[in-house]
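**Student:**
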Amino acid sequence: MKDKRFVYLDHAATAVLRAEAREAMLPYLGERFGNPSASYVSARQAQRAVEEARRTVAEVLGCRLSEVVFTSGGTESINAAIKGVAFAQQLAHLGNHVVTSAIEHHAVLHSSQYLERFGFDVTYLPVDACGLVDPAAVAEAVGPRTVLVSIMLANNEVGTIQPMAEIAQAVKARARTLGRRVPLHTDAVQAPCSLDLNVDRLGVDLLSLSAHKFGGPKGAGVLYLRRATPFLSQQSGGGQERQRRAGTENVAGIVGTAVALRLAAAERETYVRHCGRLRDRLVDGIRSAIPGADLSGHPQSRLANNAHITFEGVEADALVAALDAADIAASACTSAVWEPSHVLVAMGVPLARAIGSLRLTVGPENTDEEIDHTLSVLRVVIDRLRAGPSASLRTGAAPAASTS
Ligand code: PLP
């Protein structure tokens, strides 16, 4: 058993930076500091590193080198994808309607709301109780003014995986009958450790990634942009990334992104096996020992590392704070000013249950002992919280504080 007591179960928020990625990045934070747009030795080294990283990313995505755009992270990729495709087509008078789902990350939802201020109509599709989008409903929502469909590959809160290939087929068939091309974007930020990212098998035209979710550095990401997709760059400046993303490249970040993505793809099966087993141990342990605990999301079509549980009679913020006091990092999917998660609301989870939702996301470095330790802490903490604040004072435990 490890002697450390800190247990990190929030890998959906950020993963540990991989040692291989850090090592690969170091020269570009040191002697190979040149600007890739210049033409002396350190600049050429940096340029070669960026192009090598592009080759690695293209191999994982199964795409052309020219279709890989390096960005500052998932949020930037998503903003660029949604606004870039929508505005390009609005300018060309091709339409002003976007289709997305009600359970998307705020990067997608807020980008969509931004478009509404510029005259776009947005359809926010509902999901079922497991968080699944219906491919037929996506196709039905596509009309003669639709310029973009954006559906996430896997949900960051409940872990539900969407049937992306089916969605893509349905959208393409519908677009054909309308005699137009409707680009499909997917927010794949939570997917790289668990799911195949081949863009042709997924059937997507745009795909967004964030490096720190798969063992790369923060502040680095990827936008896949299929050739000939209408796109208006959202960032003005130099001609970097073939005029699609102006600004001097984050060379070290790009190098770290590629190394981490290559490893995530190569180790996907091991990751799914290890994390899936630990996640099941956690969920089974909670279900057998804690009454009034429900798993949210899809029972099978879910990310291998995601356990999203709602606990009856407990407030999520208090639960997360109590776990933190026990050196266990987990996440409450509520906002800082308390509001139930829009994902749980869309799935129809009753408010009384949504209040007590806890996301535990395991990672490669977690162990069985950590899971068992977490289970025994959870049992005590839930009992205490259900008994109320006076009970925690009676037992001498610190009252749980709000995380907001
Ligand atoms: N999309 C999803 C599904 C996410 O989980 C996140 C981050 O939590 C993002 C987008 C935004 O990524 P970043 O914060 O790295 O820009």
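Numbering follows my numbering, in which position 319 of the sequence shown is assigned residue number 323; successive positions increment by one, without gaps. From the three backbone atoms N, C-alpha and C, an ideal C-beta is built for every residue, glycine too.
How should S162 be labelled, buried or exposed, when 16 other C-beta atoms within 10 angstroms of its C-beta is the threshold for buried?
**Tutor:** Taking the sequence shown and counting its residues from 1, the one referred to as residue 162 is at position 158. Checking the sequence, you will find Val at residue 162 rather than Ser. Classification for V162: buried.
**Student:** Three-state secondary structure (DSSP) at I313?
**Tutor:** Here residue 313 refers to the residue found at position 309 of the sequence shown. I313 falls in the strand class under three-state DSSP.
**Student:** Only counting the same chain, and skipping five residues up and downstream in sequence, which positions put a Cβ closer than 8 angstroms to that of K222?
**Tutor:** Residue numbering aside, residue 222 sits at position 218 when the sequence shown is read from its first letter. The residues are T18, G77, A215 and H216.
**Student:** Measuring CB to CB, does A256 end up less than 7 angstroms from L33?
**Tutor:** Reading the sequence shown from its first residue, position 252 is the one you call residue 256. Reading the sequence shown from its first residue, position 29 is the one you call residue 33. Yes, the pair counts as a contact, with Cβ atoms nearer than the cut-off.
**Student:** Return yes when the Cβ of A350 is within less than 7 angstroms of the Cβ of A106, no when it is not.
**Tutor:** Sequence index remark: in the sequence shown, residue 106 carries index 102 (1-based). Sequence index remark: in the sequence shown, residue 350 carries index 346 (1-based). Contact flag set, yes.
**Student:** Let me confirm a value: Y228 is counted as buried when at least 16 other C-beta atoms fall within 10 Å, else exposed. Which label applies?
**Tutor:** For this step, residue 228 is matched to residue 224 along the sequence shown. Under this definition Y228 is a buried residue.
**Student:** Closest to A92 by CA distance: which of V73, A111, A23 and F122 is it?
**Tutor:** The sequence position of residue 92 within the sequence shown is 88, counting from 1. When only C-alpha atoms are compared, the closest one is F122.
**Student:** First and last residue of the alpha helix (DSSP H) that includes D328?
**Tutor:** Within the sequence shown, the letter at position 324 stands for residue 328. Its alpha helix (DSSP H) spans residues A320 to A329.
**Student:** Beta-carbon within less than 7 angstroms of T233's beta-carbon, same chain only, minus the 5 sequence neighbours each way: which residues are those?
**Tutor:** Taking the sequence shown and counting its residues from 1, the one referred to as residue 233 is at position 229. Answer for T233: V89, P187, D209 and L210, listed in chain order.
**Student:** What does DSSP give as the partner residue(s) for L229 in the beta ladder?
**Tutor:** For the purposes of this step, residue 229 is identified with residue 225 of the sequence shown, where counting begins at 1. L229 pairs with L210.
**Student:** If you draw a straight line from the C-alpha of L13 to the C-alpha of D372, how long is it?
**Tutor:** Here residue 13 corresponds to residue number 9 of the sequence shown, with the count starting at 1. Here residue 372 corresponds to residue number 368 of the sequence shown, with the count starting at 1. Taking the straight line joining both Cα atoms gives about 13 angstroms.
**Student:** What residues in its chain sit with their C-beta under 8 angstroms from that of S380, if we drop five residues either side in the sequence?
**Tutor:** The sequence position of residue 380 within the sequence shown is 376, counting from 1. Nothing meets the Cβ criterion.
**Student:** Can you list, in chain order, the residues of its chain whose CB lies under 8 angstroms from that of M5, leaving out five sequence neighbours each side?
**Tutor:** Here residue 5 corresponds to residue number 1 of the sequence shown, with the count starting at 1. With a pLDDT of 43 at M5, under the threshold of 50, the modelled position of this residue cannot be trusted; read the value that follows with caution. T371 and E373, listed in sequence order.
**Student:** Nearest CA to the CA of I375: which residue from V112, H278, G301 and A262?
**Tutor:** Here residue 375 refers to the residue found at position 371 when the sequence shown is read from its first residue. Minimum Cα distance to I375 is reached at H278.
**Student:** If you follow the alpha helix (DSSP H) that L98 is in, where does it begin and where does it stop?
**Tutor:** Here residue 98 refers to the residue found at position 94 of the sequence shown. Careful: L98 lies outside any alpha helix (DSSP H) and carries neither H nor E.
**Student:** State the Cα-Cα distance for the pair R248 and A336, rounded to the nearest angstrom.
**Tutor:** Residue 248 sits at position 244 when you count from the first residue of the sequence shown. Residue 336 sits at position 332 when you count from the first residue of the sequence shown. Going from the Cα of R248 to the Cα of A336 covers about 36 angstroms.
**Student:** Cutting at 8 angstroms between CB atoms, please list the residues of its own chain near L95, excluding the five before and the five after it.
**Tutor:** In the sequence shown, residue 95 corresponds to position 91, counting from 1. Closer than 8 angstroms at the Cβ level, and outside the excluded window around L95, lie L236.
**Student:** Grouping DSSP H, G and I as helix and E and B as strand, with all else coil, what is P403?
**Tutor:** Taking the sequence shown and counting its residues from 1, one reaches residue 403 at position 399. Model confidence at P403 stands at a pLDDT of 34, short of 50, so the residue's coordinates are unreliable; what they give is reported in the following sentence. Of the three classes helix, strand and coil, the one that applies to P403 here is coil, per DSSP.
**Student:** Classify Y44: buried if its beta carbon has 16 or more other beta carbons within 10 angstroms, exposed otherwise.
**Tutor:** As a first step, residue 44 must be located in the sequence shown, where it is residue number 40. Exposed.
**Student:** According to DSSP, S70 sits in a beta bridge with which residue or residues?
**Tutor:** Taking the sequence shown and counting its residues from 1, the one referred to as residue 70 is at position 66. Paired residue(s): none; S70 is not in a bridge.
**Student:** Nearest CA to the CA of G38: which residue from E24, A53, E27 and A28?
**Tutor:** Mapped onto the sequence shown, residue 38 falls at position 34. For G38, the nearest C-alpha among the options comes from A53.
**Student:** Counting C-beta neighbours from all protein chains within 10 Å, is the total for D2 16 or more, i.e. buried, or is it exposed?
**Tutor:** Nothing in the structure corresponds to residue 2, since the chain is present only between 5 and 408.
**Student:** Given 8 angstroms as the limit, is there contact between the segment 313-327 and the segment 160-175, that is, 3 or more CB pairs closer than that?
**Tutor:** Output reads no: the segment 160-175 does not touch the segment 313-327.
**Student:** Quick one: what's got a C-beta closer than 7 angstroms to R59's C-beta in the same chain, skipping five residues either side?
**Tutor:** As a working mapping, residue 59 is identified with position 55 in the sequence shown. Hits under 7 angstroms: L69.
**Student:** When we look at the beta-carbon of A23 and count the other beta-carbons within 10 Å, is it buried (16 or more) or exposed?
**Tutor:** Counted from its first residue, the sequence shown places residue 23 at position 19. That one is exposed.
**Student:** Runs of 3 residues minimum, wholly inside the segment 94-144: which ones carry the beta strand (DSSP E) assignment?
**Tutor:** The segment 94-144 contains these whole beta strand (DSSP E) runs: 101-105 and 125-129.
**Student:** So, under 8 angstroms CB-CB, R281 and S198 are touching, yes? Tell me the CB distance rounded to an integer number of Å.
**Tutor:** Locating residue 281 in the sequence shown gives position 277, counting from the first residue. Locating residue 198 in the sequence shown gives position 194, counting from the first residue. That pair is no contact at about 13 angstroms.
**Student:** Quick one: does the C-beta of Q194 sit closer than 6 angstroms to a heavy atom of the ligand PLP?
**Tutor:** To locate residue 194, count along the sequence shown from 1; it is residue 190. For the ligand PLP, at least one heavy atom lies less than 6 angstroms from the Cβ of Q194.
**Student:** Evaluate T399 with the Cβ neighbour count: other Cβ atoms within 10 Å of its Cβ, from every protein chain shown; 16 or more gives buried, anything less gives exposed.
**Tutor:** Here residue 399 is taken as the residue at index 395 of the sequence shown, counted from 1. Its pLDDT being 35, under 50, T399 is placed unreliably by the model, and the measurement read from it follows with that caveat. Exposed, by the Cβ-count rule.
**Student:** Going by DSSP, what residue range makes up the alpha helix (DSSP H) through S292?
**Tutor:** What you label residue 292 is simply residue 288 of the sequence shown in a count that begins at 1. Where S292 is concerned, the enclosing alpha helix (DSSP H) stretches over R272 to A293.
**Student:** Around the C-beta of T274, are 16 or more other C-beta atoms found within 10 angstroms, so that it is buried, or is it exposed?
**Tutor:** Here residue 274 corresponds to residue number 270 of the sequence shown, with the count starting at 1. T274 comes out exposed.
**Student:** Please report the distance separating the alpha-carbon of Q173 from that of A143.
**Tutor:** Counted from its first residue, the sequence shown places residue 173 at position 169. Counted from its first residue, the sequence shown places residue 143 at position 139. Whole-angstrom Cα-Cα distance: 9 angstroms.
**Student:** Starting from S46, follow the alpha helix (DSSP H) in both directions and report where the run begins and ends.
**Tutor:** The residue you call residue 46 lines up with position 42 of the sequence shown. From DSSP, the alpha helix (DSSP H) with S46 extends over V45 to L65.
**Student:** Out of D132, V175, G135 and P139, which one is the CA nearest neighbour of G147?
**Tutor:** As a position in the sequence shown, residue 147 is number 143, starting the count at 1. Ranking D132, V175, G135 and P139 by Cα distance to G147 puts V175 first.
**Student:** Identify the continuous alpha helix (DSSP H) that holds S380 and give its terminal residues.
**Tutor:** On the sequence shown, residue 380 is found 376 positions in, with the first residue counted as 1. Counting along the chain, the alpha helix (DSSP H) containing S380 begins and ends at D372 to A391.
**Student:** For a test of the three-state rule: what should DSSP assign to D204, helix, strand or coil?
**Tutor:** Sequence index remark: in the sequence shown, residue 204 carries index 200 (1-based). Three-state DSSP puts D204 in a helix.
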